[in-house]
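Down below is the structure, laid out as structure tokens.
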Amino acid sequence: MPSRKNPNAPSKNRLAARAGKQRKTRQQAAAQGQLAIKGGAIAKADARRGARPGLLPTSGPRRAISKKRQRKNEKMLGHALRRKMEKEGEVVMKDAPVEKEKDKKKEGGDAEAEMDIE
1 MPSRKNPNAP
11 SKNRLAARAG
21 KQRKTRQQAA
31 AQGQLAIKGG
41 AIAKADARRG
51 ARPGLLPTSG
61 PRRAISKKRQ
71 RKNEKMLGHA
81 LRRKMEKEGE
91 VVMKDAPVEK
101 EKDKKKEGGD
111 AEAEMDIE
């Protein structure tokens, strides 16, 4: 009877494919870093998708985010920040009276005026 490998472990093909993919991602990241050092050079893959100096590609992982998605991301960040502040105990008091600097200065000015009179 032939020996069988552990069926729960990935096959040699899968391991080789995973290693190849990791190698490719490392090389791409290093290439992006080199392009940044060169002063904004454009990768060939991005240039094929319409990227030019100052313009992002129109598709692919480095494309510009749409304005709608930017608004949604901004909203999500705002909500996350508010939840974080509530968790820490910093709550915005909506019905508390707001003291202005002018009011504070007037109070301080009255105290000085009283001293002059006495």
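For the sequence shown, the UniProt record's numbering gives the first residue as 1, with consecutive numbering after it. Positions of the beta carbon are idealized from the N, C-alpha and C atoms, including for glycine. Because the structure is a prediction, the values reported are computed rather than measured.
**Item:** Beta bridge counterpart(s) of R26 as assigned by DSSP
**Value:** The residue you call residue 26 lines up with position 26 of the sequence shown. Its beta-bridge partners do not exist; DSSP assigns none.
**Candidates R83, A17, T58: closest to R48 by CA position** = As a position in the sequence shown, residue 48 is number 48, starting the count at 1. Considering only alpha carbons, the answer is T58.
**Message:** Just verifying my parser: in three-state terms, what is the DSSP assignment at L55?
**Reply:** In the sequence shown, residue 55 corresponds to position 55, counting from 1. DSSP places L55 in strand when its eight states are reduced to three.
**Local conformation of E86 per DSSP, three classes** = For the purposes of this step, residue 86 is identified with residue 86 of the sequence shown, where counting begins at 1. In the structure shown, E86 adopts helical secondary structure according to DSSP, grouped into three states.
**Request:** Answer with buried or exposed for A64, where buried requires no fewer than 16 other C-beta atoms within 10 angstroms of its C-beta.
**Result:** Taking the sequence shown and counting its residues from 1, the one referred to as residue 64 is at position 64. Label assigned to A64: exposed.
**Message:** I need the DSSP call for R14, collapsed to helix, strand or coil.
**Reply:** Taking the sequence shown and counting its residues from 1, the one referred to as residue 14 is at position 14. The answer is helix: DSSP assigns R14 an H, G or I state.
**Prompt:** Who are the near neighbours of R62 in its chain, counting only those whose CB is closer than 7 Å to its CB and skipping five residues on each side?
**Reply:** Here the question's residue 62 lines up with position 62 in the sequence shown. Closer than 7 Å at Cβ, skipping near neighbours: D46, L56.
**Request:** Taking K44 as part of the alpha helix (DSSP H), name the residues at either end of that continuous run.
**Result:** The residue labelled residue 44 in the question sits at position 44 within the sequence shown. Per DSSP, K44 belongs to the alpha helix (DSSP H) from 44 to 48.
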